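Single-structure report; data block below.
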Amino acid sequence: MSGSETLVLETKNADVTRALGRLLGTVLKAGDVVALTGELGAGKTCLTQGIAEGLGISGEYRITSPTFTLVNEYPGRLTLYHVDVYRLAGQTDLYDLGFDEFSEGQGVVVIEWAEKIREAVPEGALWIFLSYVDDATRRIEIAAPEEIPCKNDLVELCNRTP
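Take 35 as the starting number for the sequence shown in this note's numbering and just add one per residue.
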(Lines of atoms letter the chains of each structure in order from A and count residues from 1; the text may use other names and numbers.)
(Lines give C-alpha, C1' and ligand atoms only; values in the text may rest on other atoms or scores of the structure.)
Protein backbone atom coordinates (compact mmCIF):
# COMPACT_ATOMS: atom_id res chain seq x y z
CA MET A 1 0.00 0.00 0.00
CA SER A 2 1.39 3.37 -0.98
CA GLY A 3 -0.35 5.34 1.80
CA SER A 4 -3.28 7.69 1.83
CA GLU A 5 -3.68 10.51 -0.66
CA THR A 6 -5.79 13.67 -0.85
CA LEU A 7 -6.60 15.72 -3.92
CA VAL A 8 -8.34 19.12 -3.89
CA LEU A 9 -10.11 20.28 -7.06
CA GLU A 10 -12.54 22.99 -8.11
CA THR A 11 -15.33 22.47 -10.61
CA LYS A 12 -16.71 25.59 -12.27
CA ASN A 13 -20.24 24.28 -12.90
CA ALA A 14 -22.54 21.28 -12.51
CA ASP A 15 -21.49 19.85 -15.89
CA VAL A 16 -17.88 19.62 -14.73
CA THR A 17 -18.92 18.09 -11.40
CA ARG A 18 -20.91 15.48 -13.33
CA ALA A 19 -17.94 14.87 -15.70
CA LEU A 20 -15.66 14.37 -12.69
CA GLY A 21 -18.10 11.76 -11.38
CA ARG A 22 -18.24 10.12 -14.81
CA LEU A 23 -14.46 9.80 -14.86
CA LEU A 24 -14.46 8.26 -11.39
CA GLY A 25 -17.24 5.87 -12.41
CA THR A 26 -15.11 4.47 -15.22
CA VAL A 27 -12.41 3.30 -12.78
CA LEU A 28 -14.51 2.11 -9.83
CA LYS A 29 -14.43 -1.61 -9.12
CA ALA A 30 -16.82 -4.11 -7.55
CA GLY A 31 -16.94 -3.57 -3.80
CA ASP A 32 -15.86 0.09 -3.93
CA VAL A 33 -17.60 2.49 -1.57
CA VAL A 34 -17.74 6.24 -2.23
CA ALA A 35 -18.61 8.32 0.84
CA LEU A 36 -19.96 11.78 -0.02
CA THR A 37 -20.23 14.69 2.40
CA GLY A 38 -21.31 18.27 1.88
CA GLU A 39 -24.02 20.78 2.53
CA LEU A 40 -27.45 20.56 0.95
CA GLY A 41 -27.08 21.46 -2.73
CA ALA A 42 -23.28 21.11 -2.77
CA GLY A 43 -23.39 18.59 -5.63
CA LYS A 44 -23.53 15.13 -4.06
CA THR A 45 -26.33 13.91 -6.32
CA CYS A 46 -24.82 15.64 -9.37
CA LEU A 47 -21.53 13.82 -8.76
CA THR A 48 -23.45 10.55 -8.31
CA GLN A 49 -25.20 11.09 -11.65
CA GLY A 50 -21.78 11.26 -13.26
CA ILE A 51 -20.60 8.15 -11.43
CA ALA A 52 -23.68 6.34 -12.77
CA GLU A 53 -22.80 7.41 -16.31
CA GLY A 54 -19.24 6.15 -15.81
CA LEU A 55 -20.61 2.82 -14.61
CA GLY A 56 -22.54 2.51 -17.87
CA ILE A 57 -25.97 2.98 -16.31
CA SER A 58 -28.51 3.67 -19.01
CA GLY A 59 -29.85 7.17 -19.48
CA GLU A 60 -33.34 5.72 -19.08
CA TYR A 61 -32.72 5.81 -15.32
CA ARG A 62 -33.17 9.17 -13.67
CA ILE A 63 -30.58 9.31 -10.90
CA THR A 64 -32.11 11.23 -8.00
CA SER A 65 -31.24 11.47 -4.34
CA PRO A 66 -32.89 8.57 -2.49
CA THR A 67 -33.87 10.80 0.44
CA PHE A 68 -37.20 9.04 0.97
CA THR A 69 -36.49 5.61 -0.51
CA LEU A 70 -33.09 5.57 1.28
CA VAL A 71 -31.52 3.23 -1.32
CA ASN A 72 -31.84 3.22 -5.10
CA GLU A 73 -30.33 0.40 -7.15
CA TYR A 74 -29.30 0.86 -10.79
CA PRO A 75 -27.93 -1.85 -13.13
CA GLY A 76 -24.87 -1.05 -15.22
CA ARG A 77 -21.35 -2.38 -15.82
CA LEU A 78 -21.53 -2.73 -12.04
CA THR A 79 -24.69 -2.26 -10.00
CA LEU A 80 -24.84 1.15 -8.31
CA TYR A 81 -26.34 1.28 -4.83
CA HIS A 82 -27.11 4.94 -4.16
CA VAL A 83 -27.75 5.46 -0.45
CA ASP A 84 -28.93 8.61 1.34
CA VAL A 85 -28.49 8.36 5.10
CA TYR A 86 -29.66 11.89 5.96
CA ARG A 87 -32.87 10.65 7.61
CA LEU A 88 -31.40 7.62 9.38
CA ALA A 89 -31.30 7.66 13.15
CA GLY A 90 -28.06 5.72 13.29
CA GLN A 91 -26.04 2.71 12.33
CA THR A 92 -28.77 0.20 13.25
CA ASP A 93 -31.12 1.73 10.66
CA LEU A 94 -28.35 1.43 8.10
CA TYR A 95 -27.93 -2.30 8.66
CA ASP A 96 -31.72 -2.74 8.57
CA LEU A 97 -31.48 -1.50 4.96
CA GLY A 98 -29.08 -4.35 4.15
CA PHE A 99 -26.02 -2.09 3.96
CA ASP A 100 -23.62 -4.82 5.05
CA GLU A 101 -24.83 -7.04 2.19
CA PHE A 102 -24.61 -4.58 -0.68
CA SER A 103 -21.46 -2.83 0.59
CA GLU A 104 -19.58 -6.13 0.42
CA GLY A 105 -21.12 -7.24 -2.85
CA GLN A 106 -20.35 -7.00 -6.53
CA GLY A 107 -21.55 -3.43 -7.01
CA VAL A 108 -20.46 0.09 -6.15
CA VAL A 109 -21.99 1.92 -3.18
CA VAL A 110 -22.32 5.72 -3.12
CA ILE A 111 -23.40 7.16 0.23
CA GLU A 112 -24.75 10.70 0.55
CA TRP A 113 -24.34 12.33 4.00
CA ALA A 114 -21.74 9.67 4.88
CA GLU A 115 -20.46 11.73 7.81
CA LYS A 116 -23.61 10.68 9.73
CA ILE A 117 -22.48 7.05 9.68
CA ARG A 118 -18.71 7.51 9.58
CA GLU A 119 -18.06 4.53 11.85
CA ALA A 120 -19.99 2.20 9.50
CA VAL A 121 -18.22 3.28 6.30
CA PRO A 122 -15.72 0.59 5.24
CA GLU A 123 -12.07 1.42 5.87
CA GLY A 124 -11.09 1.44 2.18
CA ALA A 125 -13.79 3.92 1.12
CA LEU A 126 -13.10 6.86 -1.18
CA TRP A 127 -14.21 9.98 0.73
CA ILE A 128 -15.33 13.01 -1.27
CA PHE A 129 -16.04 16.31 0.49
CA LEU A 130 -18.01 18.88 -1.54
CA SER A 131 -18.36 22.53 -0.56
CA TYR A 132 -19.51 25.80 -2.07
CA VAL A 133 -17.04 28.32 -3.44
CA ASP A 134 -19.77 30.39 -5.10
CA ASP A 135 -23.13 29.75 -6.80
CA ALA A 136 -21.61 27.56 -9.53
CA THR A 137 -18.13 26.60 -8.30
CA ARG A 138 -17.54 23.67 -5.97
CA ARG A 139 -14.46 22.67 -4.02
CA ILE A 140 -14.10 18.90 -4.16
CA GLU A 141 -11.66 17.16 -1.85
CA ILE A 142 -11.04 13.50 -2.55
CA ALA A 143 -9.39 11.37 0.13
CA ALA A 144 -8.34 7.81 -0.63
CA PRO A 145 -6.64 5.15 1.48
CA GLU A 146 -4.24 4.57 -1.41
CA GLU A 147 -3.47 6.38 -4.65
CA ILE A 148 -6.48 8.23 -6.07
CA PRO A 149 -7.66 6.49 -9.24
CA CYS A 150 -7.28 8.56 -12.43
CA LYS A 151 -5.86 11.49 -10.43
CA ASN A 152 -4.08 13.14 -13.37
CA ASP A 153 -7.20 12.93 -15.54
CA LEU A 154 -9.28 14.52 -12.77
CA VAL A 155 -6.83 17.41 -12.43
CA GLU A 156 -6.70 17.89 -16.21
CA LEU A 157 -10.50 17.91 -16.43
CA CYS A 158 -10.80 20.65 -13.81
CA ASN A 159 -7.93 22.70 -15.26
CA ARG A 160 -9.13 22.74 -18.86
CA THR A 161 -12.67 23.81 -18.03
CA PRO A 162 -13.44 27.53 -18.49
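C-beta: ideal position from N, C-alpha, C; glycine also. Treat the numbers as computed from the prediction; the structure is a model and nothing was measured.
Decide if residue i is buried, meaning its Cβ has at least 16 other Cβ atoms within 10 Å, or exposed.
{"i": "Pro109", "result": "exposed"}
Which of the three DSSP states is assigned to residue i in this structure?
{"i": "Ile151", "result": "helix"}
{"i": "Leu74", "result": "coil"}
{"i": "Leu41", "result": "strand"}
{"i": "Ile176", "result": "strand"}
{"i": "Leu54", "result": "helix"}
{"i": "Asp187", "result": "helix"}
{"i": "Tyr108", "result": "strand"}
{"i": "Val68", "result": "strand"}
{"i": "Asp49", "result": "helix"}
{"i": "Leu160", "result": "strand"}
{"i": "Glu181", "result": "coil"}
Are the Cβ atoms of residue i and residue j separated by less than 8 Å?
{"i": "Gly55", "j": "Gly84", "result": "yes"}
{"i": "Ala86", "j": "Leu114", "result": "yes"}
{"i": "Leu57", "j": "Cys192", "result": "no"}
{"i": "Glu94", "j": "Gln125", "result": "no"}
{"i": "Thr40", "j": "Glu181", "result": "no"}
Taking residue i as the reference, which of the options has the closest Cα?
{"i": "Trp161", "options": "Glu149, Asp168, Asn47 and Arg172", "result": "Glu149"}
{"i": "Ala178", "options": "Ala69, Asn47 and Ala53", "result": "Ala69"}
{"i": "Thr60", "options": "Glu39, Thr82 and Ala170", "result": "Thr82"}
{"i": "Glu138", "options": "Pro156, Leu128, Gly124 and Thr126", "result": "Pro156"}
{"i": "Glu107", "options": "Ala53, Phe136 and Leu62", "result": "Phe136"}
{"i": "Arg194", "options": "Leu41, Val50, Ser38 and Thr40", "result": "Val50"}
{"i": "Lys78", "options": "Ser92, Gly90 and Ser99", "result": "Ser99"}
{"i": "Leu112", "options": "Asp118, Val105, Ile97 and Gln140", "result": "Gln140"}
So residue i and residue j are supposed to be a Cβ contact under 8 Å. How far apart are they, rounded?
{"i": "Glu146", "j": "Tyr166", "result": "Actually they do not touch by this definition, with Cβ atoms about 16 Å apart."}
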